[in-house]
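The block underneath contains the structure these notes are about, expressed in structure tokens.
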Amino acid sequence: MRIDRRLTVALLCGVAGQASALNLQFKPSAHAAVEHDDNVFRVSDEAASTSVPKVSDTLTTVGGAARLTLNHSLQTLEVRGEYDNFRYRQLEQLDYERKLVGAQARLGYASRLRLKLDAGRERRQEAFAFRDDTSNSFITVDQASAELRAEVTPRWTAIARGDRYRTSASRIASQDYDLTENIGELGIEYRRSGLSSLELGLRRAEGEYPKRIVTPGDGREKDYDQQSVVARIGYTPSGLSSLSAQLAYTERRHDDTAVSDFRGVTGRASLTRRFSGISQARLEVYRDLFYVEDRNANYVENLGAKASFDYRWSVKLAFAVAAERYSSSYQASPGFDVAGRPREDQVFNIRAGFDYQPFYRFSILPEYRYERRGSRDTNSQYDYNVFGVDFAYEYGLRTRR
Numbered sequence: 126m127r128i129d130r131r132l133t134v135a136l137l138c139g140v141a142g143q144a145s146a147l148n149l150q151f152k153p154s155a156h157a158a159v160e161h162d163d164n165v166f167r168v169s170d171e172a173a174s175t176s177v178p179k180v181s182d183t184l185t186t187v188g189g190a191a192r193l194t195l196n197h198s199l200q201t202l203e204v205r206g207e208y209d210n211f212r213y214r215q216l217e218q219l220d221y222e223r224k225l226v227g228a229q230a231r232l233g234y235a236s237r238l239r240l241k242l243d244a245g246r247e248r249r250q251e252a253f254a255f256r257d258d259t260s261n262s263f264i265t266v267d268q269a270s271a272e273l274r275a276e277v278t279p280r281w282t283a284i285a286r287g288d289r290y291r292t293s294a295s296r297i298a299s300q301d302y303d304l305t306e307n308i309g310e311l312g313i314e315y316r317r318s319g320l321s322s323l324e325l326g327l328r329r330a331e332g333e334y335p336k337r338i339v340t341p342g343d344g345r346e347k348d349y350d351q352q353s354v355v356a357r358i359g360y361t362p363s364g365l366s367s368l369s370a371q372l373a374y375t376e377r378r379h380d381d382t383a384v385s386d387f388r389g390v391t392g393r394a395s396l397t398r399r400f401s402g403i404s405q406a407r408l409e410v411y412r413d414l415f416y417v418e419d420r421n422a423n424y425v426e427n428l429g430a431k432a433s434f435d436y437r438w439s440v441k442l443a444f445a446v447a448a449e450r451y452s453s454s455y456q457a458s459p460g461f462d463v464a465g466r467p468r469e470d471q472v473f474n475i476r477a478g479f480d481y482q483p484f485y486r487f488s489i490l491p492e493y494r495y496e497r498r499g500s501r502d503t504n505s506q507y508d509y510n511v512f513g514v515d516f517a518y519e520y521g522l523r524t525r526r
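Numbered continuously in our numbering, the sequence shown closes out at residue 526.
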């Protein structure tokens, strides 16, 4: 990506001149990547599979991103954009463009009030993991959130949050899974000496599948509501280790009596440990509920653990590896039982990569990914390997008035 530095500086300085004490930061970046995927369509490797044959291909990506940040006193505005152009060597019909635009505003009044607003839209290729066809279809994701924090005392803060999440698929067969979810939360946080914090809150979510047509009693949900009592804990006993957790007692209810409800503990907890300032290890366990793109399942209950390790040999070279294993239990779907039992998948994945920076702002990032999914539904079992390397360049420009 070629950038006219003189033109950029002139534009930014022109804007900055309209307000005093205005800080502007512009960060464009560009990257090019090539990777080989040995199972593009996530096809089952079982003989009983009725899916398309296993296909491998090499994928090249050229893309760029830009982020403009404006700071004035306690106020911050950030505008971001990303663009990627994907090209397959053999499966040219799958070539596509990924786009993302978004903005975030942080507003403050004295030291007592903080308001954070965030919104974004992303258009990407629909994943092949939960569908049998090989069409080039797309999904659009819209997200918006707001958070208001009001400091009651130096240690106590009242918090109000709101989130909206909406998906929209391009192909008709996938529109059955289009989801709109609205979330609201009220809470109170206690912070002690900056090293530990505790937050308690009440959270309510309402979800709807707006394009789904259901018959009463068929075991598929049209909408749901979910309530949680949430506790968030942060603890840093030293500069070398930290513990964070979000635990909730969650109740999920459905209007259709044929759809079973959920009651139980959800959340995640993570422990991070640093070693000698050049490496760190992280362990995370979680249990959550997530919607799934399957015509006979309403949502899945994920229970899993993830471990990662990062090591930096020098300023120019770093290494990272991560492994994750989780089970996905498909819930509230009597018609999708396999051999008289609900479907359950076991997923294992690993990721390993290097970050080599031979020149300032320029990085070479080779990476390897592997995933294996086992399932009671044999047509949903698959594994894949991805080998790739990404060449990235980031340029930062800052002006101050």
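Glycine included, every Cβ here is placed at the ideal spot set by N, Cα and C.
Contact under 8 angstroms by Cβ, residue i with residue j
i      : j      : result
Asp163 : Asn510 : yes
Glu324 : Glu314 : yes
Asp303 : Pro335 : yes
Ser262 : Ser293 : no
Gln351 : Ala383 : no
Asp470 : Ser439 : no
Arg486 : Tyr518 : yes
Asp502 : Arg468 : yes
Arg328 : Tyr349 : no
Glu272 : Arg286 : yes
Gln482 : Lys431 : no
Tyr411 : Arg393 : yes
Beta bridge counterpart(s) of residue i as assigned by DSSP
i      : result
Ile313 : Ala283 and Leu325
Asn307 : Arg289 and Glu331
Leu408 : Leu396 and Ala432
Arg167 : For Arg167, which the question treats as bridged, DSSP gives no partner whatsoever.
Leu414 : Glu426
The beta strand (DSSP E) enclosing residue i, as first and last residue numbers
i      : result
Pro153 : Leu147 to Asp162
Val511 : Tyr507 to Glu519
Pro491 : Phe487 to Ser500
Glu469 : Glu469 to Phe484
Residue i versus residue j - alpha carbon distance
i      : j      : result
His379 : Lys241 : 32 angstroms
Gly402 : Phe434 : 13 angstroms
Phe415 : Leu428 : 11 angstroms
Arg407 : Gly364 : 15 angstroms
Leu225 : Gly189 : 11 angstroms
Glu559 : Ser318 : Absent from the model: residue 559. The displayed extent of the chain is 126 to 526, so no value can be given.
Gln250 : Glu222 : 8 angstroms
Gly513 : Gln218 : 21 angstroms
Ser395 : Ile475 : 18 angstroms
Thr186 : Leu320 : 42 angstroms
Leu193 : Thr201 : 10 angstroms
Arg337 : Arg231 : 37 angstroms
Ala141 : Leu238 : Legend: pLDDT at Ala141 = 38, less than 50; position of this residue unreliable, no value from coordinates given.
Gly521 : Phe387 : 48 angstroms
Ala228 : His156 : 22 angstroms
Gly309 : Ser322 : 21 angstroms
Gly245 : Asp288 : 12 angstroms
Ser367 : Ile358 : 11 angstroms
Leu149 : Leu216 : 43 angstroms
Ser260 : Gly233 : 47 angstroms
Asp220 : Asp258 : 16 angstroms
Ala254 : Arg167 : 5 angstroms
At which residue ranges does the stretch 253-302 contain complete beta strand (DSSP E) runs of 3 or more residues, listed in the order of the chain?
263-276 and 281-294
Complete beta strand (DSSP E) runs within the stretch 177-262 (minimum length 3 residues, chain order)
182-197, 200-213, 221-234 and 238-250
Beta strand (DSSP E) runs contained entirely in the stretch 343-391, provided each spans 3 or more residues
348-360 and 366-379
Runs of beta strand (DSSP E) lying entirely within the stretch 421-457, each at least 3 residues, in chain order:
424-437 and 442-456
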